[in-house]
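In order, the protein sequence lines correspond to chains F and E. Residues in the first sequence are numbered from 2 upward in steps of one, following our numbering. Residues in the second sequence are numbered from 275 upward in steps of one, following our numbering. Ideal Cβ positions, reconstructed from N, Cα and C, are used throughout, including at glycine.
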Amino acid sequence: MTRPVARLARLLARQWRLFLLAAVLAAGTTALGVGLMGTSGWLLATAAGLPGIAALQVAIVLVRFFGIGRGLLRYLERLVSHDATLRFLSKLRVHVFEAIVPAAFSLSATRRSGDVLARLVEDVDTLDRLPVRVLIPALGAILVGGLLAGLLLPFGAGMTLAALAGLAAAGVAMPLVAAAAGARAASDTVNLRADMQSALVDGVQGVADLVALGRAQDHVERVSALGGSLGSAQARSASASALGSSLAGLAADLAVVAVLALGVPHVGLGGLTVVQLTAITLVTLAAFEAVLGLPSGLQELGATSASARRIFELTDAPPAVVRPSAPTPVPDPPVVEASALTFTYPGSSRAAITGVSFRLAPGRPVVIVGPSGSGKSTVVALLLRQMEPGGGDLRIGGVDVRACDPDQVRSRIAVAAQRTHLFTGTLRDNLLMARPSASDAEMVRAATRARLHHVVIAWPGGYDTWIGEQGLQLSGGERQRLALARAFLRDAPVLVLDEPTANLDALTERKVIEEIWRASASQATFVATHRVTRIAGEAEVLVLRDGEIVERGRAAELRRAAGYFRQMLDLQRAAEAVDQF
Amino acid sequence: MMFERRPLPAGPTGRRALIAAVALGVASAALVVVQAVLLARVIAGTARAGSSLASLAPMLALLAGVAVLRAAASWASDTVASRGAAAVRLALRTALTSKLLALGPRFVATERTGELVNTLGAGVESTDAYVARYQPQFALSFLVPILVGAAVLRADLLSGLALAATWPLIPLFMYLIGGMARRRSQAQWTALSRMSARFLDTVQGIATLVTLGRADDEAAVVASTSERFRVVTMEVLKVAFLSALTLEWLATLGTAVVAVELGLRLLVARITFEAALFILVVTPEFYRPLRALGAAFHAAMTGREAGERMSELLDQPPPQVIGAAVADPQLDAETVARTDLVFDDVSFRYSPDRPAALERASFSVAPGTTVALLGPSGSGKSTIAHLVLRFMEPDSGRLLVGGHPLGALDADAWRRQVAWLPQRPHLFHGTVLDNLRLARPDASDSDVERALVLAHADRFVRALPGGLRAGIGEEGSRLSGGEAQRLALARAFLKDAPFLVLDELTSHLDPENDALVSDAVRELARGRTVLLIAHRLTAVSGADHVVVLCRGRVAEQGMPSALAAQRGLYARMLTAAEGAV
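As structure tokens, this is what we get:
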């Protein structure tokens with residue numbers, strides 16, 4: 002548990018000057034509070050002895066100074082601590098981003114990892130608690146402890162020890178007691194919260210099934226029962242945390258009692274005056290402000306640690322493909338040859354693909370078809386150097402891809418992926434990502450080829466329309482065309498298209514297929530698709546079933562043969578005959 | 275202040291707990307006053323001649339005792355408050371879940387599922403800060419100053435008046451500065467949320483960035499965005515922290531003023547040292563609850579949006595029910611097996627600004643027959659299925675079951691006689707067995723086994739780790755689309771209802787799964803009344819009656835052979851299917 006926190010602390014240490022300044026300011030704030038109470042006590046006790054007003058002048062000025070200075074220091078402390086923390090988070094973001102780039106594909110491969118990536122953003126933000134609520138207050142508390150010791154030591158070692166012991170108990174021991182008391186409840190809370198999340202997802206996504214099965218009431222009861230257990234675990238956890246704060250307060254009160262008990266016998270014997278005792282008591286009382294925030298801060302250390310662990314898990318993920326130390330340049334023309342490619346996903350007992358071979362060169366597109374789960378996407382991922390082949394050979398321009406720089410391989414391949422990410426920004430920004438140097442005319446040309454241009458000019462903003470999460474929401478077909486336009490704009494010698502015509506209407510589909518066919522004359526083109534009815538007769542087709550190629554040949558020939566391809570074709574035609582009306 | 279539109283349902287347990295928490299908080303403050311009294315008495319006591327530790331020891335012991343009591347009271351107050359907040363969350367979540375299920379599939383389909391889950395999950399959790407901390411603190415920020423103020427007033431009129439005079443200044447200044455900060459930072463907050471969205475966007479699109487070779491440029495963008503984020507945030511914080519500065523100043527200056535005032539009056543012997551010391555020690559307690567309220571306020575604000583969204587959900591009008599729901603004693607399996615279902619001039623539209631999903635549809639389903647609905651997507655097939663399942667009621671026209679209006683029957687009693695196979699059945703978080711028993715909780719193991727065999731699901735279930743007890747759903751084993759369909763089929767076999775609403779289970783390209791599913795569906799349909807939503811012509815040939823739909827209207831209907839002989843839509847579909855081959 003502490004290891005991620007320790008790693009984080011090392012990253013924090015790079016900002017140590019600012020954090021130290023913040024801690025000094027935090028200690029200073031408490032010190033002025035100590036000064037205020039101490040001087041006030043001195044003032045009252047002295048005044049009780051009925052001296053002249055002159056004796057009080059300095060104290061009156063000091064009280065005012067402490068009162069005004071304290072607010073100012075608090076303000077400065079908060080500014081400095083937040084500035085330091087934001088600088089730290091900024092560095093952390095860049096560090097995290099750079100660290101996950103090499104593993105990008107393995108991290109984004111499944112939907113749940115997509116959630117993990119999104120959580121990463123929140124996790125980074127969560128880490129501001131470590132400096133603001135733990136590190137700076139703890140450093141400040143140590144400084145205040147030193148100050149208190151300096152003030153009390155002249156009046157007796159026993160008193161000093163009692164006060165410091167109280168500080169240590171309130172700031173460290175009691176929070177630890179609370180953490181131990183709440184450990185079980187905290188872990189129960191995490192588990193129950195995950196169960197609750199699943200139940201809520203079931204309730205929303207499965208609402209039709211629940212209602213139709215007459216199980217709506219059962220579901221409410223399930224959520225209610227889970228909510229009861231979750232609430233009780235959370236309440237137990239909160240109770241443990243409250244125990245920490247209360248015990249810390251108790252430690253402070255008892256320390257004051259101890260200081261008094263040790264001080265009272267010396268009063269009047271010449272060892273200690275009433276004025277001094279008053280000031281000492283109030284100083285001790287005020288000093289505890291420095292540690293009273295620590296229990297709740299330390300209580301959050303668990304959550305901080307979990308966030309840090311998730312971050313380091315991601316940054317430590319092994320790269321999806323290994324970059325050779327002395328990469329061979331990719332020769333031209335980059336003809337792609339796959340022979341006996343095999344791949345098994347980690348943790349799976351069955352190979353996703355076995356013995357897949359093909360050759361991509363300009364002239365005719367190679368089309369891979371098969372039911373979902375048959376391995377099409379795996380072949381595409383291997384082509385794009387998103388993962389290392391498990392067996393077999395993948396060559397580009399005659400060179401084994403493993404000897405090349407994966408970035409250079411990717412730079413020779415234009416891709417329209419099945420799930421393409423739209424970045425918040427203008428459509429133009431999103432298109433030009435594929436080739437920032439492209440001219441406007443080239444961009445429009447690519448969009449026209451992808452049948453996107455006529456859609457865009459109908460938008461009020463045209464190519465400057467904001468899209469993405471915070472902009473215009475594109476339909477599936479529009480996203481598809483954008484991905485295609487990016488691929489056309491990229492203008493690389495190899496073209497890889499994953500389900501390029503899913504979500505397109507029949508007319509658009511036909512035009513896009515023509516466009517792909519035209520591109521394949523000059524680009525080595527690979528298409529993965531489930532639209533078997535639309536494949537041009539001249540295309541070279543690979544039929545994938547359970548990861549193996551069971552048929553291959555010209556589409557026209559396969560259509561005539563009574564094989565697996567023909568069965569798939571018949572199934573799809575029966576549906577299309579209805580849907581075209 | 276928050277959730278102004280209407281209070282969230284707290285439930286009696288929650289309310290009682292929150293009142294108890296406030297009472298304990300007041301008790302804790304009262305004990306603090308007692309502590310101050312004792313502390314002043316001990317110190318003042320040492321000033322009196324002849325005092326010794328022995329004479330003051332009982333008072334010190336009492337002081338320690340009160341400290342223990344106070345720690346107990348503050349712990350109990352927090353614990354009770356968290357319990358109460360947990361009860362409130364439970365009540366809220368139960369109410370929201372019930373509401374959502376009452377609103378049903380039609381409502382959920384119009385919402386974003388992720389957002390709904392978030393409201394029920396994290397949204398409900400975020401009320402904790404408001405309920406457990408802000409609410410009790412709000413009450414305490416009035417009650418505690420009254421209590422402390424009264425104690426001070428009793429000891430010294432002038433000091434009491436001084437405190438009373440400063441109290442209203444705090445909320446006033448908080449309000450003024452808060453308003454100013456909000457106005458000045460509104461624009462900046464928008465910029466900030468844009469920037470953090472930008473980072474989320476980048477992280478989620480990381481695979482696309484690497485594919486397009488843009489990752490290195492993006493790292494520089496992350497760095498500069500983060501830095502700008504820091505600068506803008508600091509601008510906002512500079513203003514936001516002003517309120518804390520003011521609060522600090524008022525509180526410390528209050529203490530300073532009281533100290534000076536007491537000192538001066540001690541000089542002229544207008545007040546005793548003990549009373550003055552008591553007032554000095556207790557003064558910070560006067561301001562403490564207001565400062566705690568300020569701290570809790572920001573945390574409570576985060577729950578605001580979620581709270582409004584919850585009120586919005588709870589305020590949704592319940593779906594309309596036509597006529598009074600009467601539990602019909604005739605609605606048992608044997609009766610339903612012998613009755614027909616008639617659509618009599620039924621129209622439905624999802625919203626006034628959209629075209630009718632179904633317009634004046636009339637047809638009937640005779641007992642024991644299979645009626646197929648055929649038409650392109652969007653022609654109204656699913657609307658008919660959802661009306662039969664009573665996810666919604668028709669706008670005009672009637673559904674009749676054995677001559678009785680369906681709307682007058684008890685919806686749950688009717689659904690017990692209907693088995694529904696949706697196109698994409700939801701698999702719930704839990705085991706295979708849990709998912710199957712949703713259809714019939716009291717099903718024996720052998721019933722379940724038989725249903726699996728009939729649905730051709732027995733083989734893959736046996737291959738799962740744990741078989742029937744294998745976890746499925748979000749976190750469990752991943753099933754293919756075809757496997758999920760066959761589990762839903764097994765559910766339908768278990769339910770053994772006389773009336774079947776069947777969305778034809780197609781998987782475009784998978785011939786094996788298609789054969790298995792078709793076979794199981796034939797078996798399931800035997801001896802039952804079936805309403806079949808057909809996506810393919812091949813599925814219709816075995817039907818007794820075909821209803822051809824086009825844009826919400828019944829285009830034609832009759833026996834398949836009769837329709838084929840006409841020159842209608844059905845005949846044209848047949849021609850299209852043959853022409854394609």
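>> Could you tell me the alpha carbon to alpha carbon distance between R351/F and R765/E, rounded to whole angstroms?
In response: 28 Å
>> Quick check on DSSP: helix, strand or coil for Q697/E?
In response: coil
> Excluding five sequence neighbours on each side, which residues of the same chain lie with their C-beta closer than 6 Å to the C-beta of F637/E?
Replying inline: F617, V821, Q831
>> When you compare the CB of D716/E with every CB in chain F, is at least one pair closer than 7 Å?
In response: no
> Going by the beta-carbon positions, is the gap between A808/E and L648/E smaller than 7 Å?
Replying inline: yes
> With 7 Å set as the bound, which would you pick, yes or no: does the beta-carbon of I545/E sit closer than that to a beta-carbon of chain F?
Replying inline: no
> Would the stretch 490-500 of chain F and the stretch 431-445 of chain F be scored as touching if the rule is three or more Cβ pairs under 8 Å?
Replying inline: yes
> How is the alpha helix (DSSP H) around A631/E delimited, first residue to last?
Replying inline: Run containing A631/E: none; DSSP gives neither H nor E here.
>> Let me see if you follow: with CB-CB separation under 7 Å, is D352/E close to chain F or not?
In response: yes
>> Among the candidates L848/E, M469/E, A376/E, P286/E, whose CA atom is the shortest distance from the CA of T425/F?
In response: M469/E
> Considering L541/E, what are the terminal residues of the alpha helix (DSSP H) in which it resides?
Replying inline: 489-541
> Distance, Cα to Cα, V322/F vs F289/F?
Replying inline: 55 Å
>> Taking 7 Å as the threshold (C-beta atoms), are V311/E and F560/E in contact?
In response: no
>> As an exercise, report each continuous alpha helix (DSSP H) stretch of at least 4 residues that is fully enclosed by the stretch 538-581 of chain F, in chain order.
In response: 556-561, 565-580
>> For P328/F, tell me which candidate among T190/F, A256/F, V191/F, C405/F has the shortest Cα-Cα distance.
In response: C405/F
> Looking at the structure shown, is H819/E part of a helix, part of a strand, or coil, going by DSSP?
Replying inline: strand
>> Counting only beta-carbon separations shorter than 7 Å, does D684/E have a partner in chain F?
In response: no
> Anyone know if the C-beta pair for L21/F and A85/F falls short of 7 Å?
Replying inline: no
> By DSSP, does G70/F sit in helix, in strand, or in coil?
Replying inline: helix
>> Can you tell me whether W43/F is helix, strand or coil according to DSSP?
In response: helix
> So, does the CB of M669/F fall closer than 7 Å to a CB anywhere in chain E?
Replying inline: The displayed coordinates of chain F run from 2 to 582. Any statement about residue 669/F would go beyond what the structure contains.
> Which term fits G395/E, buried or exposed, when burial requires 16 or more other beta carbons within 10 angstroms of its beta carbon?
Replying inline: buried
> Are T803/E and P679/E closer than 7 Å when you measure CB to CB?
Replying inline: no
>> Report the CB separation of V497/F from G398/F in whole angstroms; it is logged as a contact under 8 Å.
In response: Between G398/F and V497/F the Cβ distance is about 16 Å, and since that is not below 8 Å, they are no contact.
> Where do the ends of the alpha helix (DSSP H) carrying Q198/F lie?
Replying inline: 175-206
>> For G597/E, which residues in the same chain have their Cβ closer than 7 Å to its Cβ, ignoring the five residues on either side in sequence?
In response: Because G597/E sits at a pLDDT of 49, beneath the cut-off of 50, its placement in the model cannot be relied upon, and the point is left open.
> Do you know offhand how far M275/E's Cα is from F412/E's?
Replying inline: In this prediction, M275/E scores a pLDDT of 37, lower than 50, which makes its location untrustworthy; no coordinate-derived value is stated.
>> Residues of chain E with CB closer than 7 Å to the CB of T427/F, please, in chain order.
In response: Those within 7 Å of T427/F in chain E number zero; the least Cβ separation is about 14 Å.
>> Given this structure, state the Cα-to-Cα distance separating G816/E from A226/F, to the nearest angstrom.
In response: 47 Å
> List, in order along the chain, the chain E residues whose C-beta lies closer than 7 Å to that of R216/F?
Replying inline: L712
> Between the C-alpha atoms of A447/F and T520/E, what's the straight-line distance to the nearest angstrom?
Replying inline: 60 Å
>> In the DSSP output, what is D394/F paired with across the bridge?
In response: S340/F
> For A794/E versus H730/E, is the C-beta spacing smaller than 7 Å?
Replying inline: yes
> Which runs of the alpha helix (DSSP H), 4 residues or longer, sit entirely within the stretch 422-488 of chain E?
Replying inline: 431-440, 443-478, 480-485
>> Helix, strand or coil for E830/E? Go by DSSP, reduced to three states.
In response: strand
> Thinking C-beta only, is L763/E closer than 7 Å to A234/E?
Replying inline: With chain E covering only 275 through 855, there is no way to say anything about residue 234/E.
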